[in-house]
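Undergrad: Have a look at this one.
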Amino acid sequence: MKTLLSTEGVPLYVKIRETLRAEILQGKLHPGQKIPSEDELANQYRVSRMTVRQGILELIKEGLLHRRQGVGTFVSYPHFDRDHTRLTNFFESAREQGIDASSTVLKIEISPPTEKTAKELLLKLSDHVICIRTLRYVNQTPVTVHDSYLPQRLFADILHENLENVHLWDVMEKYGYRVKRAIQKLEARPASIEIARLLEIKPGAPILYKERKILATDGTPVEFTYCYNRGDMYSLTVAMER
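Numbering (the working numbering), first residue to last: -12 to 229.
Below is the structure:
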């Protein structure tokens, strides 16, 4: 039998909650790990299943645990929160949160733009774009597949840059284009087989899909991106007023 935290006068479900919380924070239960079932925990702690359920529900509300229908309850990954009340890049956001962030380039190539990309970047279909696919990591866990399209006529020499663990906006400044403004669209989507493989999640798992156009200080469209973010690790903060 496992021992609950010994605190006099505290309801049993609170003891269950705080015991599980301690195991998560101390690393005895790892992110992504499935915890024992309610019946197993009830037997281990010699309490009722309803008591266990109440304690678990408290941790689910806090975001420390999450349920997968028909599978079980799992320890949640820490969320990487992007503050969209101002325009910051991936590495800036990570530094502000004290998070270890990195990225690796999966593909870089020159190709004709799609009709949508050409429209967003004010290009002709006969023009070319530089496509850069990167995989971004938070604490060594993949969180984002990032497909970036840049006008080749503006950034032809970027092909010779070292883009590992570097944000494109910093590189763009070397070519005279400082990022100033972004226009983006967000929606929830199921992960495709390819995206799921890269993000190490199951096909069909929820992702936060983002399309974003980046404008330089002079109003020039310099980047159009498609981002695929893990739904279990990625969140957004937006300020609104009325």
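Every residue gets a Cβ at the ideal spot worked out from N, C-alpha and C, and that includes glycine.
1. My output table needs one value for A178: the three-state DSSP class, helix, strand or coil.
2. Could you tell me whether the Cβ atoms of E96 and K200 are closer together than 8 Å?
3. Please report the distance separating the alpha-carbon of T38 from that of L12.
4. So is K146 buried or exposed if we call it buried at 16+ other beta carbons inside 10 Å?
5. Any idea if K2 is buried or exposed, counting beta-carbon neighbours within 10 angstroms, 16 or more meaning buried?
6. May I have the straight-line CA-CA distance separating V158 from Y164, to the nearest angstrom?
7. Does the count of Cβ pairs from the region 34 to 52 and the region 137 to 153 closer than 8 Å reach three?
8. According to the Cβ coordinates, are V116 and Y136 closer than 8 Å?
9. Are A183 and Y124 touching if we call contact CB-CB under 8 Å?
10. Nearest to G14 by alpha carbon, out of K172, E187, S63 and T212?
11. Can you list, in chain order, the residues of its chain whose CB lies under 7 Å from that of Y213, leaving out five sequence neighbours each side?
12. Between Y215, P208, P18 and T6, which has its C-alpha nearest Q127's C-alpha?
13. Please work out which residues of its chain come closer than 8 Å, Cβ to Cβ, to G218, disregarding the five sequence neighbours upstream and downstream, and give them in chain order.
14. If you measure between the beta carbons of L7 and G42, is that distance less than 8 Å?
15. Using only the alpha-carbon positions, how far apart do P129 and P99 sit?
16. Under DSSP, the beta strand (DSSP E) around V58 begins and ends at which residues?
TA: Quick look at the numbers:
1. In this structure, DSSP gives A178 a state outside helix and strand, which the three-state scheme calls coil.
2. Inclusion of E96 and K200 in the CB contact set at 8 Å is not warranted, their separation being larger than that value.
3. Cα to Cα, the separation comes out at about 21 Å.
4. For the sequence presented, residue 146 should be read as Leu rather than Lys. L146 should be labelled exposed.
5. The residue is buried, with at least 16 neighbouring Cβ atoms inside 10 Å.
6. Rounded to the nearest whole angstrom, the C-alpha separation of V158 and Y164 is 9 Å.
7. As far as the Cβ criterion goes, the region 34 to 52 does not touch the region 137 to 153, which means the pair count is below three.
8. Cβ distance < 8 Å, so V116 and Y136 count as in contact.
9. Taking 8 Å as the cut-off, the Cβ atoms of A183 and Y124 do not count as close.
10. Closest by alpha carbon: S63.
11. Cβ neighbours of Y213 within its own chain (closer than 7 Å, five residues either side excluded): D134 and E198.
12. Nearest C-alpha to Q127: P18.
13. Take G218, set aside five residues on each side of it, and the residues of its chain with a beta-carbon closer than 8 Å to its own are A175, A192, P193, I194 and L195, in chain order.
14. For L7 and G42, yes; Cβs fall inside 8 Å.
15. P129 and P99: Cα-Cα distance of roughly 29 Å.
16. Careful: V58 lies outside any beta strand (DSSP E) and carries neither H nor E.
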